[in-house]
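The sequence shown runs 229 to 809 under our numbering. Ideal Cβ placement from N, Cα and C applies to all residues, glycine included. Right, one structure below, let's go through it.
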Amino acid sequence: MQPTLCSRCHKNVAVIFLTRIEGGETKNEGLCLKCAKELGIKPVEDMMQKMGISDEDLDGLTNEMMSAFGGAEGMEGLVPQGDGESDEDDEGRTATFPFLNKLFGGGAQNDGGAPGGDPSRQQREEKAPGKERAPKRKFLENYCISLTGQAREGKLDRIVGRDSELERVVQILNRRQKNNPCLIGEPGVGKTAIAEGLALRIAEGDVPYKLLDKEVYLLDLTSLVAGTQFRGQFESRMKGLIEEIKKLGNIILVIDEVHNLVGAGDAEGSMSAANILKPALSRGEIQVIGATTLTEYRKYIEKDSALERRFQPVMVEEPSIEDSIQILKGIAPYYEQYHHVKISPEMCRLAVTMSERYITDRFLPDKAIDLIDEASSDVNLHNKALTRTMQIDKELADIAKEREVMLAAANDKSGEPFEKLRRKEHALLQQKEKLEATPVAEGEDPAPRQARLSELQQQLSQVAQERENLERASSERAYQRLAVLKSQELQLTGEKDALAGELNPPLTVEHLARVIELWTKIPASQIQEQEYERLAHLEERLKAHIIGQDEAVHAVANAIRRGRVGIASKRKPVSFIFVGS
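Dropping the structure here:
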């Protein structure tokens, strides 16, 4: 079979062939994959859905087949598959691409013999022409994370401080054009947290009226790039995302590590993500919040002046020690609940000061938060009371289930022993009723009849007594077990109450020092030593290393003590010039 063009679009290779019978005449049609999908041919839709073929994969497959024929130039000699053409050799299948026969199971002919999909669906669509469908969020759902959705669900931690930076971001977003802030700061100072803070404010309605209906989405650039094996597929995804944001009109896109846009998807004959975004950014058609470090901003974005002027820089400085302490106090309840520990305000202060002193290659508040997190994890791992409490909760749940079973068993009268008694009682009653219903013959002695009735009545009384004994025995066994379960429950509850005081142990400076020792290899004993103890023994320590200069050592130690307690002059720093031969 010679390859032909699609009879619908006249551009792509026809790979799906249909045979229709109209007025007794057989008509063949050749369709490309894209047109077959658009016409709603059910076998094609079902197979694409089962195999997980997306629209991007479909476009890539079409482009690959076009490339196999040499592109548009190689297709010039082909003609469209018309209605009058017939192909008896392949019987509605394509021999040009054998793998498609296996993929689609032969001819893509629906039940009615004509393409068109489900007629009932078409009727429903025709009956409601005025009904507007909500805009689809295919690209946003696949490649982005809704921060406002997480904020409404309570999945985001509240933001402490950063009011000035948030106000600056809101002010830039309120602009008409070039309304794209770029958060610039060192790693760990809280750039992404500012974007989350904006999402929290929008969810709470604490923003200007222009931003009340906005939704904040975090772009996952790795998933956007992943799987783009065909040329032009990345550009198609990026363009589709931009068009989707334009249609919705209320999306603020957060791009963490925004410098990765420069060069993302860049290949021979293709455009990078930054170049695709530039026109929409300059016209204000989409709003983007970028976040990057100062070094990477200078290295990647400042070199691209066109991209740089579309972003408005917002410097995010490292918070001060006092601000970091307030941040830790604000988020401490999240770590207390997660790790089952108690974090006092003093531990928040010590975490900030110790991380600032001993961890010099990172920035606040990230390093202080990590210190609190890992120290709380250490407390949690060594908390035997918490482990035992969880075991007790499981045992109490098992006791509750067994109690329900025993209560049901105590009132259950459907067992085999009860069934035997019921059958025996039923047989005796039938015999008694039959004997009573039989008339006494003339001249018959009634004494044997009365004796038999008395015997049957006695047997019925015995059956009733056996049932009562069986019920009593069953109840006694059940209640004995229930008493044992109650005793176990009281014992476990008492043990749990006794462990309640140890359930949330406090975080101490020893835990912080142990974590810092793991990170920096500084001995924990040296870290735990209090400041006043160091100052008190400063002179003795210096004299242990410096012999014969007691006067100079005394002067230096006194000056350091004055500086520590804050009584030194601000204009005279603690400094010395040692003069001597």
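The straight-line gap separating the alpha-carbon atoms of G258 and Q405 is approximately 48 Å.
Three or more Cβ pairs closer than 8 Å define a contact, and the region 568–576 meets that threshold against the region 729–745. Here DSSP, grouped into helix, strand and coil, assigns Q658 to helix. In this structure the region 438–448 does not touch the region 549–559; the number of beta carbon pairs closer than 8 Å is below three.
Out of D606, A579, S605, the CA that lies nearest to the CA of K595 is found in A579. For a cut-off of 8 Å, the C-beta gap from I480 to L592 is around 27 Å, too long to register as a contact.
By the neighbour-count criterion, in which a residue is buried when 16 or more other Cβ atoms sit within 10 angstroms of its Cβ, L522 is exposed.
The beta carbon of Q659 sits closer than 8 Å to the beta carbons of L684 from its chain, once the five residues preceding and following it are set aside; these are given in chain order. Listed in chain order, the beta strand (DSSP E) elements of length 3 or more contained wholly in the region 432–478 are 443–447. Taking 8 Å as the upper bound for CB-CB distance, I412 and V243 are not in contact here, some 51 Å apart. For K724, the three-state secondary structure derived from DSSP is helix.
Rounded to whole angstroms, L261 and E424 show a C-alpha spacing of 42 Å.
Across the set V435, E602, L740, the C-alpha of L740 shows the shortest separation from the C-alpha of R585. Sorting R538, K506, K662, A421 by C-alpha distance to the C-alpha of D385 places A421 at the top. In the three-state reduction of the DSSP assignment, R248 falls in the strand class. Remark: C-beta atoms of V486 and C410 approach each other more closely than 8 Å. In this structure the region 509–520 does not touch the region 378–393; the number of beta carbon pairs closer than 8 Å is below three.
Rounded to the nearest angstrom, the Cβ distance from E745 to V542 is 37 Å, too far for a contact under 8 Å. Annotated three-state conformation of L384 is coil, per DSSP.
Its chain contains I553, L556, K557, A560 as the residues whose beta carbon lies nearer than 7 Å to that of C576, once the 5 sequence neighbours on both sides are disregarded; these appear in chain order.
The three-state secondary structure of I587, taken from DSSP, is coil. When secondary structure is reduced to three states using DSSP, G518 falls in the strand class. Under DSSP, D484 shares a beta bridge with A519.
In the three-state reduction of the DSSP assignment, N786 falls in the helix class, which pools H, G and I. Taking the Cβ atoms as the reference, L375 lies roughly 4 Å from A427, within the contact range of under 8 Å. In the DSSP annotation of this structure, the continuous segment of the beta strand (DSSP E) that includes L411 starts and ends at 409–412.
Judged by their CB atoms, Q693 and L656 are not nearer to each other than the 8 Å cut-off. As a beta-bridge residue in DSSP terms, T254 pairs with I249. K570 has P734 as its beta-bridge partners, per DSSP.
Classified as buried, P547 has 16 or more neighbouring CB atoms from the shown chains inside 10 Å of its CB.
For V417, same chain residues with a beta-carbon under 8 Å away, outside a window of 5 residues either side, are V544, E545, E546, P547, F591, L592, P593, D594 in chain order. The secondary-structure analysis by DSSP pairs S374 across a beta bridge with Y445. Taking 4 residues as the shortest admissible run, the region 517–555 contains the following complete alpha helix (DSSP H) segments, listed from N- to C-terminal end: 533–536. In the structure shown, the three-state DSSP call for L233 is strand.
Residue state for V241 is assigned as strand, using DSSP reduced to three classes.
For K506, the uninterrupted alpha helix (DSSP H) run begins and ends at 501–511, by DSSP.
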